[in-house]
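In the working numbering, the protein residues as written are 166 to 359.
Where a beta carbon is used, it is the ideal one built from N, C-alpha and C, also for glycine.
The model shown is predicted, which means the values in this text are computed figures rather than measured ones.
Next up, the structure:
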């Protein structure tokens, strides 16, 4: 198989691994840096590289649980204990999390905010493709914490900034099952012009 065929096959067969199926070991600092380096190749109008990565591992995952709980209680002061326990458990499902944020450049003369968000999403996809190529499992998760002002601020982002989401990383406890993908033909339409 040619290198090009391997790349196409790798992309076509990409699978998310459920966060609670990601176990130790997780990528170490050097391995994670190599994965994140692939993000620097993402399409990026203006080469402004708006993405920012917050790495959360070890005991810091418990601090993220605290942050999620604080945000939840701010949203709903009467929240029940089970809901609190559920949100607190989320950061503990995998050994490593990368929060992907966007350092939004408001009023950029050439690159609107929407394009900055697209660039950061493309960088995130590079990470999601690189991880399994290097033998790791990964999944992008969002949920309300990814869009919450308290969570964003607690992670060190400014009010103007955005979160793409949380990439959970680790060793898959079992191989993800192949997934049938729809044929692309149903998603293609030739535009007839105006």
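Helix, strand or coil for residue 261 per DSSP?
Locating residue 261 in the chain shown gives position 96, counting from the first residue. Strand at residue 261.
For residue 364, the first and last residue of its enclosing alpha helix (DSSP H):
The question about residue 364 has no answer, for the chain in this structure spans 166 to 359.
Helix, strand or coil for residue 336? Go by DSSP, reduced to three states.
Counting from 1 along the chain shown, the entry for residue 336 is found at position 171. Per DSSP, reduced to three states, the secondary structure at residue 336 is strand.
What does residue 302 pair with, by DSSP beta-bridge criteria?
As a working mapping, residue 302 is identified with position 137 in the chain shown. Here residue 302 is bridged, per DSSP, to 335.
Going by DSSP, what residues sit across from residue 221 in a beta bridge?
Locating residue 221 in the chain shown gives position 56, counting from the first residue. Looking at the DSSP assignment, residue 221 forms a beta bridge with 262.
Spatial distance of residue 288 from residue 250 (CA atoms)
By 1-based counting over the chain shown, the position of residue 288 is 123. By 1-based counting over the chain shown, the position of residue 250 is 85. When rounded, the distance between both Cα atoms is 32 Å.
Looking only at its chain, what residues have a beta carbon closer than 7 Å to the beta carbon of residue 192, apart from the 5 residues adjacent to it on each side?
Residue mapping note: residue 192 aligns to position 27 of the chain shown, counting from 1. If we look at residue 192 and ignore the five residues flanking it on each side, its Cβ neighbours are 200, 261, 301, 334.
Three-pair Cβ contact test at 8 Å for the region 291 to 306 versus the region 320 to 334
yes
Rounded C-beta distance between residue 282 and residue 267? I'm assuming under 8 Å.
By one-based count along the chain shown, residue 282 stands at place 117. By one-based count along the chain shown, residue 267 stands at place 102. By a beta-carbon distance limit of 8 Å, residue 282 contacts residue 267. Their separation comes to about 6 Å.
Please look up how many angstroms separate the CB atoms of residue 291 and residue 195, rounded, as I've assumed it's under 8 Å.
Taking the first residue of the chain shown as 1, we reach residue 291 at position 126. Taking the first residue of the chain shown as 1, we reach residue 195 at position 30. About 18 Å separates the two Cβ atoms, so there is no contact after all.
Among 280, 209, 202, which one has its Cα closest to the Cα of residue 299?
As a first step, residue 299 is located in the chain shown; it is residue number 134 there, counting from the start. That would be 202, whose Cα lies nearest to the Cα of residue 299.
Using beta-carbon positions only, say whether residue 297 and residue 179 come within less than 8 Å of one another.
Looking up residue 297 in the chain shown gives position 132. Looking up residue 179 in the chain shown gives position 14. A contact, by the Cβ cut-off of 8 Å.
May I ask you to list the residues that DSSP assigns as paired with residue 187?
Taking the first residue of the chain shown as position 1, residue 187 is located at position 22. Its beta-bridge partners are 337.
Do you know offhand how far residue 217's Cα is from residue 344's?
Translated into the one-based positions of the chain shown, residue 217 becomes position 52. Translated into the one-based positions of the chain shown, residue 344 becomes position 179. Whole-angstrom Cα-Cα distance: 31 Å.
Is residue 212 buried or exposed, if buried means 16 or more other CB atoms sit within 10 Å of its CB?
By 1-based counting over the chain shown, the position of residue 212 is 47. It counts as exposed.
Can you tell me whether residue 327 is helix, strand or coil according to DSSP?
Here residue 327 refers to the residue found at position 162 when the chain shown is read from its first residue. The answer is strand: DSSP assigns residue 327 an E or B state.
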